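S.K.: One structure, pasted below without further comment.
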Amino acid sequence: MYVELKDINKKYGSFYASKDVNLSIEKGKLVAFLGPSGSGKTTILRMIAGLENPTSGSIYIDGQRVDHLAPSKRGIGFMFQSYALFRYMTVYDNIAFGLRVKKVPEDQIRTRVEELIRLTNLEGVEHRYPNQISGGQRQRVAFARAIAPNPSLLLLDEPFAAVDAKVRQELRSWLREMIYRLGITSIFVTHDQDEAVEVADQIVVVNRGRVEQIGTPSDIYGGPKTQFVAEFVGQSLPIHDFYRLRGYEGQKNRYSGAIVRPEFVEVFRPDNPTFKDLVPVADEAVIEKISFRGDHLELLVDVKGIKLTVSRALERRPVSVGDSMLAVVYRLYAFDRDSIVLLNNTNLQDYEAIA
Amino acid sequence: MDNTTQRGSSLVKGILITISILFVGIMLILPMVYVISSALSKGFSFYFRSLTTEYVVSALLLTLLATLVAVGVNTFFGIMASWALTRFQFKGKQVLATLIDIPFSISPVIAGLSYIMTFGRMGWAAPLMDWINRTFHTDFQVVFALPGVLLATIFVTFPFISREVIPVLNSEGCDEEEAAALMGAGGFTIFRKITFPKMKWALIYGMILCGARALGEFGAVSALSKTRGRTFTLPLEIDALYMSGDSDSIVSAFSVSSILVILAIIVLILRNIFEYREKRSGRKAG
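So the sequences go chain by chain: A and B.
Read left to right, the first sequence gives residues 590 to 944 (the numbering used here).
Read left to right, the second sequence gives residues 423 to 708 (the numbering used here).
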């Protein structure tokens, strides 16, 4: 394992910013620390960088214990959320800074900085100051500055938070491609699950200072191990009386609640021939709210008092608020205190169309 | 209704402007004009003669020296203190920040007297000074001597620089410093390349305010300075001339005062220039 954290705790007074954190990261991987704000994901990143010291535990990078080393001795590049570009230095001097403090000869610095400027498409703005360039360019300067001294580990704190939505999409694919091309092990922090799923090879879900789950994006999305992961990654609210839905009647006392993702639900008009086989096992549903989401509609439906969110393709028949529909929940994540299972609708066990 | 509120607010505006102008005129401008006109009331030759007496020249030089020393010393300590208070977390930080402000709230005369109590013949540091003078065969004195004047001036102007620099450093955060430290830059490099450029304009502005205050200090210096022609600064010399009572020296007092008025105007102009620069660099950075 290239980066390892063992039993890391970080306390501020009696508050645990990190609790029993254990994780390991393979060389060359691009890893996301995903969690809501205040979950302690940035604290873990800053402890790896050496900007914070763990209260207990140990950190290894490339087999060497680093938690007692100064940040500059750990061989890491760090990209700040605000970028922290040196405002009184030009783009060129910003990128060259790390090499200059290492007393690299000036001609080698020039070669390296020019190479990075080409790599990050910053030709033409080398001699401008950070306030004279665009947000996207600033991010690329921050990236170039972080990798200039050839770090063996790159840490990025909310790398996309400071740019607007349009540039963000572009930068995600750019950053991913760049990191793969350089082959550098990287960890980034994000609160945006789409970003984590799209960019990372591996996701570490963090909540209240603890690691909830580690896995590939599809592991995390398809097999959440805790209620928190199921809720946070699917952005769904828990339902406590899910046993009233048809197909789950037998589960009444076994679980404390369930999470129903939008794609687990089918909502259709009673006369829709495609779903005629589902009619006998469906519940009645009333549309309460319709929100336009660009490429689809998001419906909020009421099924026996249970509110479910469903997405609906735009090419299907138009619907309006108050329409009576039928709803079938194919499957859901049921949880009790510390376990979570995927339950299939018992009425559909030999129904083939759901596969 | 809109109309009445408009008329009401323009009436309020008019009243406020009139009051302000009257106040500034009566309290500030008129006395200043009076100082200059009185200074010149006996003609230019008398004016220049009264500026070149031995006492006045000595007072002018001492004032400039005290100002330079106070600005120099306070710049150094001001930078150190603001650096410590904005870049480090430690116990008693708030207490230190409050202590720095003491000269703002304490009467300068008390500052002067407290130095007498410390370094004077009855003061607790007197045995130490006696020992120094005996050992090195010197005649080093603080009270009623040059060091006392310098100490008093430094004391009253102590908070000016850190009070200007601290808010700027606080508002800029320390991400850049962290970034530089991560890349292996040492403390002095970080200060020189990153922290100092950020505080530069605030520092210059603070130095000007500190200098302006040092030029005009009366109370604290007065407590520690009794020898005219040796330890008198300009404000003390003016006071002495005025108090002597005959009409010539009263006019001389105004002549000497005019130097301070002119210095004050220069400081005001510099202040405005640097205030503008500071704001502009703040906007540029933002």
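In this text, a Cβ means the ideal position worked out from N, Cα and C, and glycines have one as well.
The structure presented is a predicted model; accordingly, all values stated were derived computationally and were not measured.
Using CA coordinates, which residue listed in V693(A), L688(A), S628(A), E641(A) is at the minimum distance from I659(A)?
M.R.: Within the first sequence, the letter at position 70 stands for residue 659(A). Before going on, a small fix: residue 659(A) reads as Ala here, not Ile. Per the Cα distances, E641(A).
S.K.: In whole angstroms, what is the alpha-carbon distance linking G709(B) and T575(B)?
M.R.: An answer regarding residue 709(B) cannot be provided, because it is not within the stretch 423 to 708 covered by chain B.
S.K.: Taking its Cβ as the centre, do 16 or more other Cβ atoms sit within 10 Å of I532(B), making it buried, or is it exposed?
M.R.: On the second sequence, residue 532(B) is found 110 positions in, with the first residue counted as 1. The residue in question, I532(B), is exposed, as its Cβ has fewer than 16 Cβ neighbours within 10 Å.
S.K.: Can you give me the C-alpha to C-alpha distance between V680(A) and D597(B), rounded to a whole angstrom?
M.R.: Walking along the first sequence from the start, residue 680(A) turns up at place 91. Walking along the second sequence from the start, residue 597(B) turns up at place 175. When rounded, the distance between both Cα atoms is 17 angstroms.
S.K.: In chain order, what residues of the same chain have a beta carbon less than 7 angstroms from the beta carbon of D609(A), not counting five sequence neighbours either side?
M.R.: Taking the first sequence and counting its residues from 1, one reaches residue 609(A) at position 20. For D609(A), where only same-chain residues beyond five positions count, the Cβ hits under 7 angstroms are D596, N598, R799.
S.K.: Going straight from the alpha carbon of V918(A) to that of Y832(A), what length do you get?
M.R.: Numbered from its first residue, the first sequence carries residue 918(A) at position 329. Numbered from its first residue, the first sequence carries residue 832(A) at position 243. Taking the straight line joining both Cα atoms gives about 11 angstroms.
S.K.: Under 9 angstroms, CB to CB, which of the residues in the region 690-709 of chain A have a partner in chain B?
M.R.: If the cut-off is 9 angstroms between Cβ atoms, the region 690-709 of chain A has V690, K691 near chain B.
S.K.: Counting contacts by CB-CB distance shorter than 8 angstroms, is F777(A) in contact with chain B?
M.R.: As a position in the first sequence, residue 777(A) is number 188, starting the count at 1. Chain B, which has no Cβ nearer than 8 angstroms to the Cβ of F777(A), makes this no.
S.K.: Only counting runs of 4 or more residues, tell me where the alpha helix (DSSP H) segments fall wholly within the region 502-542 of chain B, in order along the chain.
M.R.: Correct list: 515-522, 524-527, 530-541.
S.K.: So which residues of chain B does G772(A) contact, with C-beta pairs closer than 9 angstroms?
M.R.: For the purposes of this step, residue 772(A) is taken as the residue at position 183 of the first sequence. Chain B residues near G772(A): none, gap ~21 angstroms exceeds 9 angstroms.
S.K.: Might you give, ordered along the chain, the residues of its own chain that have their beta carbon closer than 7 angstroms to the beta carbon of E887(A), omitting 5 neighbours on each side?
M.R.: The residue labelled residue 887(A) in the question sits at position 298 within the first sequence. Only S880, T898, S900 meet the Cβ criterion.
S.K.: For N933(A), which beta-bridge partners are listed by DSSP?
M.R.: Counting from one through the first sequence, the residue named residue 933(A) turns up at place 344. Its beta-bridge partners are R920(A).
S.K.: Pick helix, strand or coil for R654(A), following the three-state DSSP scheme.
M.R.: Mapped onto the first sequence, residue 654(A) falls at position 65. Three-state DSSP puts R654(A) in a strand.
S.K.: Going by CA-CA distance only, name the one from E801(A), R850(A), K755(A), P643(A) that's closest to R920(A).
M.R.: As a first step, residue 920(A) is located in the first sequence; it is residue number 331 there, counting from the start. Selected option, being the one with the closest Cα: R850(A).
S.K.: Check the Cβ-Cβ distances between A707(B) and every residue of chain A, and say whether any is below 8 angstroms.
M.R.: Numbered from 1 along the second sequence, position 285 holds the residue referred to as residue 707(B). Note that A707(B) scores 46 on pLDDT, short of 50, meaning its location in the model is unreliable and no value can be drawn from it.
S.K.: Helix, strand or coil, according to DSSP, for L623(A) in the structure here?
M.R.: Taking the first sequence and counting its residues from 1, the one referred to as residue 623(A) is at position 34. Strand, per DSSP.
S.K.: Just to make sure I have the definition right: I need the residues of chain B whose C-beta is within less than 7 angstroms of the C-beta of P660(A). Which are they?
M.R.: Within the first sequence, residue 660(A) is the residue found at index 71, counting from 1. Correct list: A603, L604.
S.K.: Do the CB positions of I736(A) and L764(A) come within less than 8 angstroms of each other?
M.R.: Reading the first sequence from its first residue, position 147 is the one you call residue 736(A). Reading the first sequence from its first residue, position 175 is the one you call residue 764(A). Going by C-beta atoms, I736(A) is not nearer than 8 angstroms to L764(A).
S.K.: Any beta-carbon of chain A closer than 8 angstroms to the one on T617(B)?
M.R.: By 1-based counting over the second sequence, the position of residue 617(B) is 195. Chain A contact via Cβ: absent.
S.K.: Tell me whether the beta-carbon of E615(A) lies closer than 8 angstroms to the beta-carbon of M590(A).
M.R.: Taking the first residue of the first sequence as 1, we reach residue 615(A) at position 26. Taking the first residue of the first sequence as 1, we reach residue 590(A) at position 1. For E615(A) and M590(A), yes; Cβs fall inside 8 angstroms.
S.K.: If distances are taken between C-alpha atoms only, which option among P657(B), M551(B), E586(B) comes closest to K701(B)?
M.R.: Stepping through the second sequence from its first residue, residue 701(B) is reached at position 279. Here the closest residue by C-alpha is E586(B).
S.K.: If the cut-off is 7 angstroms on Cβ atoms, which residues from the region 809-842 of chain A count as contacting chain B, listed in chain order?
M.R.: Against chain B - using a Cβ distance shorter than 7 angstroms - the region 809-842 of chain A contributes no residues.
S.K.: Ignore the nearest five residues each way along the sequence and tell me which others in T815(A)'s own chain have a CB closer than 7 angstroms to its CB.
M.R.: Position 226 of the first sequence, counted from the first residue, corresponds to residue 815(A). Correct list, in chain order: E801, Q802, I929.
S.K.: I'd like to know if F669(A) contacts chain B, where contact means its C-beta is closer than 8 angstroms to some C-beta of that chain.
M.R.: By one-based count along the first sequence, residue 669(A) stands at place 80. It does: the Cβ of F669(A) has a partner Cβ on chain B nearer than 8 angstroms.
S.K.: Compute the Euclidean distance between the alpha carbons of T863(A) and V818(A), then round it to the nearest angstrom.
M.R.: By one-based count along the first sequence, residue 863(A) stands at place 274. By one-based count along the first sequence, residue 818(A) stands at place 229. Cα to Cα, the separation comes out at about 34 angstroms.
S.K.: Is any heavy atom in the ligand FAD found nearer than 7 angstroms to the beta carbon of S644(B)?
M.R.: What this structure holds is no ligand at all, so the ligand FAD is not there to describe.
S.K.: Please confirm whether E598(B) has its beta-carbon closer than 8 angstroms to some beta-carbon of chain A.
M.R.: By one-based count along the second sequence, residue 598(B) stands at place 176. So, interface residue.
S.K.: Kindly indicate if chain B contains any beta-carbon less than 8 angstroms away from that of L745(A).
M.R.: As a first step, residue 745(A) must be located in the first sequence, where it is residue number 156. By this cut-off, L745(A) is not an interface position.
S.K.: Three or more C-beta pairs under 8 angstroms: does that hold for the region 644-663 of chain B against the region 697-706 of chain A?
M.R.: Flag = no, the region 644-663 of chain B and the region 697-706 of chain A do not touch.
S.K.: Does DSSP put A606(A) in a helix, in a strand, or in coil?
M.R.: Indexing the first sequence from 1 puts residue 606(A) at position 17. A606(A): strand per DSSP, three-state reduction.
S.K.: So, is the C-beta of L711(A) closer than 8 angstroms to a C-beta in chain B?
M.R.: As a first step, residue 711(A) is located in the first sequence; it is residue number 122 there, counting from the start. So no, L711(A) is outside the interface.
S.K.: Counting only the same chain and skipping the five closest in sequence on each side, list residues whose C-beta sits under 7 angstroms from that of E787(A).
M.R.: Position 198 of the first sequence, counted from the start, is the residue given in the question as residue 787(A). So the list reads R761, once near-sequence residues are dropped.
S.K.: If we count the other Cβ atoms within 10 Å of its Cβ and call it buried at 16 or more, is H559(B) buried or exposed?
M.R.: Walking along the second sequence from the start, residue 559(B) turns up at place 137. H559(B) should be labelled exposed.
S.K.: Which ranges does the beta strand (DSSP E) cover as unbroken runs of at least 3 residues, wholly within the region 673-755 of chain A, from first to last along the chain?
M.R.: Entirely contained in the region 673-755 of chain A, the beta strand (DSSP E) runs reaching 3 residues are, in chain order, 742-746.
S.K.: Can you look up T774(A) in the DSSP assignment and give me helix, strand or coil?
M.R.: Here residue 774(A) corresponds to residue number 185 of the first sequence, with the count starting at 1. The answer is strand: DSSP assigns T774(A) an E or B state.
S.K.: Would DSSP call T779(A) helix, strand or coil?
M.R.: Taking the first residue of the first sequence as 1, we reach residue 779(A) at position 190. The answer is strand: DSSP assigns T779(A) an E or B state.
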